[in-house]
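Participant:
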Amino acid sequence: AQSVAQPEDQVNVAEGNPLTVKCTYSVSGNPYLFWYVQYPNRGLQFLLKYITGDNLVKGSYGFEAEFNKSQTSFHLKKPSALVSDSALYFCAVRDAGTGGFKTIFGAGTRLFVKA
Amino acid sequence: NAGVMQNPRHLVRRRGQEARLRCSPMKGHSHVYWYRQLPEEGLKFMVYLQKENIIDESGMPKERFSAEFPKEGPSILRIQQVVRGDSAAYFCASSPGTLQGEKAFFGQGTRLTVV
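Chains A and B, in that order, give the protein sequences. First residue of the first sequence? That's 8 in the working numbering, and the numbers climb one at a time after it. First residue of the second sequence? That's 117 in the working numbering, and the numbers climb one at a time after it.
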């Protein structure tokens with residue numbers, strides 16, 4: 008069965024500094040990996056995904072994520088954080104090996120960017 | 117093309133009443149997923165449906181909860197005899213269902229409060 012772990016409940020970063028939000032996963036086959044962001048009282052918005060190819064994936068709002076197969080990780084990064092990046096971030100995985108569409112989400116990491 | 121539409125946005129029910137949550141997927145999408153988000157928690161998978169079929173309901177509580185996605189009309193998540201612990205945000209997502217690596221589009225959620 009697939010699973011996702013986001014080890015940090017909260018990440019605090021000063022504006023202008025780089026940020027990293029961690030994610031590790033477990034699947035039986037190859038993973039399809041996603042990051043979504045949730046702003047207060049809103050639904051989730053898609054940020055980026057890894058399906059195949061380059062391990063470094065670029066997405067919306069200047070975010071990127073690096074797929075590391077040996078460490079089974081897919082950490083979200085941004086070189087320079089903005090106060091408006093403060094939100095709840097979810098990592099998600101789909102097991103390509105099963106051929107299914109079920110997506111499992113991590114518990115979420117709350118990002119606070121201080122001015 | 118309107119996004120995923122959920123209604124109502126807010127729903128208040130007394131203990132013992134029934135709650136019906138509706139989700140209209142994006143046009144052309146045949147896959148629907150329901151997730152529950154409890155306060156300060158992540159997204160928990162509940163059920164995955166295609167038109168007229170439940171594909172995976174492994175996240176659904178065994179009692180009081182049911183879901184359907186009829187040939188015509190929205191997907192419905194139904195909670196019978198609600199209890200205070202059912203208070204949560206319920207999110208619906210949809211995807212075209214043609215490629216396993218596709219992203220899901222989320223609605224803005226229905227916030228259920230049981231009083």
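We put the CB at the ideal spot given by N, CA and C, even for glycine.
Using the C-alpha atoms, what's the distance from residue 121(A) back to residue 64(A)?
Facilitator: Residue numbering aside, residue 64(A) sits at position 57 when the first sequence is read from its first letter. Residue numbering aside, residue 121(A) sits at position 114 when the first sequence is read from its first letter. Straight-line Cα distance between these residues: approximately 26 Å.
Participant: Apart from the five residues just before and just after residue 113(A), which ones in its own chain have a Cβ nearer than 8 Å to its Cβ?
Facilitator: Residue mapping note: residue 113(A) aligns to position 106 of the first sequence, counting from 1. Correct list, in chain order: 11, 12, 13, 30, 97, 98 and 99.
Participant: Restricting to Cα atoms, I'd like to know which of 122(B), 127(B) and 118(B) is closest to residue 230(B).
Facilitator: Counting from one through the second sequence, the residue named residue 230(B) turns up at place 114. The candidate whose alpha carbon is nearest that of residue 230(B) is 127(B).
Participant: So which residues on chain A does residue 211(B) lean against when the C-beta distance must stay under 7 Å?
Facilitator: Looking up residue 211(B) in the second sequence gives position 95. 108, listed in chain order.
Participant: Could you work out which residue in 68(A), 16(A), 69(A) and 76(A) is closest to residue 62(A) when comparing CA atoms only?
Facilitator: To locate residue 62(A), count along the first sequence from 1; it is residue 55. Checking every option, the nearest Cα to that of residue 62(A) belongs to 76(A).
Participant: Just to confirm my understanding: we take residue 110(A), look at its own chain, exclude 5 residues before and 5 after, and list those with CB closer than 6 Å. What are they?
Facilitator: Position 103 of the first sequence, counted from the start, is the residue given in the question as residue 110(A). Correct list, in chain order: 99 and 101.
Participant: Excluding sequence positions up to five away, which residues of its chain have a Cβ less than 7 Å from the Cβ of residue 115(A)?
Facilitator: Stepping through the first sequence from its first residue, residue 115(A) is reached at position 108. Closer than 7 Å at the Cβ level, and outside the excluded window around residue 115(A), lie 13, 95, 96 and 97.
Participant: Using a Cβ-Cβ distance under 9 Å, would residue 32(A) count as near chain D?
Facilitator: The structure shown contains no chain D; its protein chains are A and B.
Participant: Check whether the Cβ atoms of residue 88(A) and residue 21(A) sit closer than 9 Å, and answer yes or no.
Facilitator: Sequence index remark: in the first sequence, residue 88(A) carries index 81 (1-based). Sequence index remark: in the first sequence, residue 21(A) carries index 14 (1-based). Taking 9 Å as the Cβ cut-off, residue 88(A) and residue 21(A) qualify as a contacting pair.
Participant: At what residues does the beta strand (DSSP E) containing residue 163(B) begin and finish?
Facilitator: On the second sequence, position 47 is the one that residue 163(B) refers to. From DSSP, the beta strand (DSSP E) with residue 163(B) extends over 159-166.
Participant: So, does the segment 140-159 of chain B touch the segment 197-207 of chain B, judging by three or more C-beta pairs under 8 Å?
Facilitator: The segment 140-159 of chain B vs the segment 197-207 of chain B: in contact.
Participant: Counting only Cβ-Cβ distances shorter than 7 Å, please list the residues of the segment 56-88 of chain A near chain B, keeping chain order.
Facilitator: Correct list: 56 and 58.
Participant: Does any C-beta atom of chain B lie closer than 9 Å to the C-beta of residue 113(A)?
Facilitator: Numbered from 1 along the first sequence, position 106 holds the residue referred to as residue 113(A). True, the Cβ-Cβ gap to chain B drops below 9 Å.
Participant: Does any residue of chain A bring its CB to less than 9 Å from the CB of residue 145(B)?
Facilitator: Locating residue 145(B) in the second sequence gives position 29, counting from the first residue. For residue 145(B), the answer is no, since every Cβ of chain A falls outside 9 Å of its Cβ.
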